[in-house]
Amino acid sequence: MIIELLVSAFILIGATFALIGSIGLLRLPDFYTRLHGPTKATTLGISGMLIASGLYFSTGSHDATSLHEILVLLFLFITAPVSAHLLVKAALHRRVYSVAKRPQVLARGQRAQAAVKEREHR
Amino acid sequence: MLRRLLRTWFPHPLLSLTLLMIWLLLNNSLGLGNLLLGTVLALTLSRLTANFWPERPHILKPLKLLRYLVQLFFDILIANLQVAVLILGPRKRLRPTFVELPLELTDPFAITVLASVISLTPGTVSADVIPAAEATSTTAKASGQTGDPPGNPSGAILLVHSLDASDPAALLQQLKQRYEAPLLEIFR
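Listed in order, the protein sequences are those of chains A and B.
Taking our numbering, I'd label the letters of the first sequence as residues 6 to 127.
Taking our numbering, I'd label the letters of the second sequence as residues -8 to 179.
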């Protein structure tokens, strides 16, 4: 009984954060800020679900402790930052519209690129 | 001789150990058969992929790494709540900013860990690593400084996008102290 309550509580917490992540995806003003929504949903949203799953499958009529959830969490925490990083990198490269001021460090690389283009043009 | 033999046959002991743990977790059992099969897999896989990992990560303080991960867990929890408030709050209040974090870390593996940690904590996403060659001249010009800023031997810059940074300098300070400083001690 208590386990069931705990499991439902964790599922609800996870679902709430997944929902907030999706709302972020919908509401935030530009590509870069929108990216924050889903990357966040994966951390706490999925963690909540996984804790619930681990609890549920480790108790009651299930005989063994379920540890697959740890693996899911591990893989997710390794891959999520990499995909987010590549998305931002690609967006910066393509000069996707940004509310935040475009970082100055990138300027030099672009000047070099522009020079190459000019040379090709001639 | 023995050392070289060990290096060829067990190029990445940490990787092998992790693979074995993953295998056991996948099977959800600690049986002898699984242990043996897992060991064989862990050793062959790390040997076969050795060319992709030219250098081993040097973890100097494993205990500190553990403490770092626990702290990270709680940080993720708190930051998630803060970002939830930001997302649901009024949109005009947001101040998204790119901040440039001058890296003190030089080990590529440690930099990867730092970038991932920054992306995992809600509110910040690491956007790009700019190598020293491209970074130095522009930042010096941009901020009116000459030469490298102190404490930045590698000269590389980690570009971080923050969802809401009203005070970029404070955010930088926090990222450096909370996440980079421990990594400097843990990895060589």
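Think of the CB as a built atom: it goes at the ideal place given N, C-alpha and C, for glycine as much as any other residue.
Using a 10 angstroms sphere on the CB of N71/B, the tally of other CB atoms reaches 16 or more, which defines it as buried. When DSSP reads this structure, S153/B sits in a beta bridge with T88/B and T115/B.
The bridge partners DSSP lists for F178/B are I50/B. Between S110/B and V116/B, the beta carbon gap of about 5 Å places them in contact (Cβ cut-off 8 Å).
Taking C-beta atoms as the reference points, L163/B and V90/B count as a pair closer than 8 Å. Excluding five sequence positions before and after I18/A, the CB atoms of its chain that fall closer than 8 Å to its own CB belong to L49 and G53, given in chain order. Put simply, the backbone Cα of L10/B is about 15 Å away from that of L72/A. Those residues of the stretch 89 to 102 of chain B placed with their C-beta closer than 8 Å to a C-beta in chain A are F89 and E91, ordered along the chain.
Counted as a single uninterrupted DSSP element, the alpha helix (DSSP H) harbouring G24/B occupies residues L23 to L39.
Across the structure, S37/B and R84/B are spaced so that their CA atoms are roughly 49 Å apart. Identification of residues in the stretch 79 to 90 of chain A having a C-beta nearer than 8 Å to some C-beta of chain B yields L79, F82, I83, A85, P86, V87, A89 and H90, given in sequence order. The beta-carbon of G29/A is placed less than 8 Å from the nearest beta-carbon of chain B.
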